[in-house]
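Report on the following structure.
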Amino acid sequence: MLKTYKYRLYPTRKQTKELDWTLETCRILYNSCLVDRNRHYEQTGKGLSRIDQQKLLVRDKKNIEYLTDIHSQVLQDVLFRVEKAYKAFFRRLKDRNGKAGYPRFKNIDRYDSITYTQSGFKIIEPAKLALSKIGCIKLKLHRNINGAVKTCNIKKEADKWYVCFSVEYEPVRKPIPAQQIGIDVGIKSFAVLSNGEEVDNPKYLVKSEEKLIKKQKRLSSKKKGSNNRKKARMLVAKLHKKVSEQRRDFHHKVSRKIVDNHGYIAVEDLQIKNMVKNHNLAKSINDAGWGQFLSFLTYKAEEAGCYVEKVNPRNTSKSCSICGYVYKDMTLSVRNWVCPICNTEHNRDINASINIINKTIGRVPAEFTLGEISSMDMQKHAFCVASSNACALKSILSKNQEACRFIGG
Ligand SMILES: [Zn+2]
């Protein structure tokens, strides 16, 4: 398995200059590779492959002296990135029936990292990173690396530098918890679990919005190309970085807690890209960052040997989790409702998360059990999921309600 370790770097002024120059040269190489590919296609009707571009790079290195001041793997990695951009482009072409954004030129803000793919770097204990053609940079190793380092990526974020090591390792497996859980992600609460637990939505962007607007205003009032504008742009970038770091940290904590306590996790298979097309919700959805959370949850589960099952989100909010009745006209503002068939009082989100875990019936390995809703939550939501009730209902309703789904203890 691969894992990424990220550490802060403290380059000297001279090394910063060197790093900036390398980044800029790689960016120019990236853009010129795009130009080469386009021109070649226009002239011959054929594409240029990465291997073709590698040959061109060897030729260029003979003519352009300064290219030899960059480690050969770092340059080759640029060609891999170009190849990746083109592969993604062709994939989009296929998926969207011919409509796809062409690989774009990278401007200065968009090209922020270089990669040593196998060699050319070495960690020198206790606190230095030697980079070929750049030098020995001070490094803060705040935690130990377990496993073999495969690649070394140097990244600039706002005005700070980081190194990310991609490390191959064998995960140490703890016993897998026997509990199953369904998770309903949302905006009002960040997540509601089928055991009645709610995770508040911290809304980091909303909290920093006022500051951000002020800083952006200041930025747009500065003269283009001026030093003050540069400074103002940096302040905006720093605030964005802070928000995304807070969110990242939160997603790590929540996903860690869920994976540590549950062996079988059901989530909705959300098409987030389609959901953010709704402009009223886009900002809140992006601020919540469900995509990042679900990817953390998935990789942590995989690491621990737990299951993550994605279920079809259809009607998870609108169906009664006890009898299967579908409340067709339910709007987003309905938070609590009473099922007209079985009289169960529902909290919208808890009911949805129970429906999510119920959708996995038949697929759950036998060793997993469904947790009970705590008595406090039962009182809070007057929620009735006693299995005897459900079974009684099941027999009453089975004639006209096929979708009577319940897993019970
Ligand atoms: Zn019902």
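End of the sequence shown = 440 in this note's numbering, gap-free, step of one. Glycine residues also receive a C-beta, built at the ideal position from the N, C-alpha and C atoms.
Inter-residue distance for residue 301 and residue 390 is about 15 Å (C-alpha atoms, whole angstroms). One thing to note: residue 207 has its Cβ within 7 Å of the Cβ of residue 294.
Bridge pairing for residue 203: absent [DSSP]. DSSP places residue 231 in the uninterrupted beta strand (DSSP E) bounded by 229 to 231.
Judged by DSSP secondary structure, residue 220 falls outside any alpha helix (DSSP H) and instead within the beta strand (DSSP E) spanning 220 to 224. Residue 388 is positioned such that its CB atom lies no closer than 7 Å to that of residue 149. Secondary structure of residue 39 (DSSP, three-state): strand.
Remark: C-beta atoms of residue 286 and residue 384 do not approach each other more closely than 7 Å. With at least 16 other beta carbons inside 10 angstroms of its own, residue 152 counts as buried.
Shown here, residue 295 sits in a strand according to DSSP, grouped into three states.
For residue 144, no alpha helix (DSSP H) run applies; the uninterrupted beta strand (DSSP E) run containing it begins and ends at 144 to 147, by DSSP.
Distances from the alpha-carbon of residue 394 to those of 297, 379, 359 put 297 closest. In the DSSP annotation of this structure, the continuous segment of the alpha helix (DSSP H) that includes residue 83 starts and ends at 81 to 94.
CA-to-CA, the gap between residue 118 and residue 355 works out to about 44 Å. When Cβ pairs closer than 8 Å are counted between the two stretches, the segment 272 to 281 is seen to touch the segment 231 to 245, the count reaching three or more. Nearest in C-alpha terms to residue 165, of all of 185, 87, 157, is 185. The nearest non-hydrogen atom of ligand 1 is 6 Å or more from the C-beta of residue 347. Residue side-chain check: residue 36 keeps its Cβ at 6 Å or more from all non-hydrogen atoms of ligand 1.
Put simply, the backbone Cα of residue 88 is about 31 Å away from that of residue 169.
For the 7 Å CB-CB criterion, residue 353 and residue 375 form a contact. Residue range 235 to 252 is occupied by the alpha helix (DSSP H) that includes residue 247, with no beta strand (DSSP E) assigned at that position. Of all residues, those with a beta-carbon under 6 Å from at least one heavy atom of ligand 1 are 351, 353, 354, 356, 370, 372, 373, 375, reported in chain order. Between residue 195 and residue 35 a beta carbon distance of about 5 Å is seen, short of the 8 Å cut, so the two are scored as contacting. Counted as a single uninterrupted DSSP element, the beta strand (DSSP E) harbouring residue 369 occupies residues 367 to 369. Spatial neighbours of residue 220 in its own chain (CB-CB distance under 7 Å, excluding positions within 5 residues in sequence) are listed in chain order as 229, 230, 231, 232, 380.
Look at the beta carbons and you see the segment 58 to 69 touching the segment 127 to 142: at least three pairs across the two are nearer than 8 Å. DSSP lists 160 as the beta-bridge partner residues of residue 154. According to the DSSP assignment, residue 398 belongs to no beta strand (DSSP E), since it is labelled neither H nor E. Secondary structure at residue 305: helix, using DSSP grouped into helix, strand and coil. With respect to residue 163, residue 102 sits close: the two C-beta atoms are nearer than 7 Å.
Residue 212: member of the beta strand (DSSP E) spanning 210 to 216, first to last residue.
Contact between residue 209 and residue 399 holds, since their C-beta atoms are separated by about 6 Å, short of 8 Å.
With respect to the 7 Å criterion, residue 278 and residue 320 are classified as neighbours on the basis of their beta carbons.
Ranked by Cα distance from residue 234, the first of 314, 188, 377, 365 is 314.
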